[in-house]
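Shown next, in structure tokens, is the structure this report addresses.
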Amino acid sequence: MSAKPAVTVTAKKPTRAAAKRKPEPAVATSESIDDQIQAFLAAGGKIQSIPTGTSGQTYGGPRGRTAVKSAAKPAAKTASKA
7 MSAKPAVTVT AKKPTRAAAK RKPEPAVATS ESIDDQIQAF LAAGGKIQSI
57 PTGTSGQTYG GPRGRTAVKS AAKPAAKTAS KA
């Protein structure tokens, strides 16, 4: 009888990441919202009344780039004909 060489099996690396579980859907009922409001008020919180049409958005320049002020350019030299 001839002896067969031992076969070693190596595990392959996964080709992609394992799938993540989807988070539970956010379900808020009017009762749970009322309970949260009551807990907030009981803890000393205050509710502000914001007039209709008021926005919390602040308007300004673009956020992606910062404005760079260039140094004042020296006055251009002109050749004078005399």
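Counted the way the working numbering counts, the sequence shown spans residues 7 to 88.
Note that CB positions come from ideal geometry on N, CA and C, so glycine has one too.
These numbers come from a predicted model, not from an experiment.
Under the three-state DSSP convention, the category residue i falls into
i: A12; result: coil
i: I53; result: coil
i: E37; result: helix
i: A24; result: coil
i: A17; result: coil
i: A45; result: helix
Residue of the options minimising C-alpha distance to residue i
i: T35; options: Q63, P29 and I43; result: I43
i: A49; options: A17, D41 and Y65; result: D41
Enclosing alpha helix (DSSP H) for residue i [first to last residue]
i: Q63; result: First-last for Q63: undefined, no H or E at that position.
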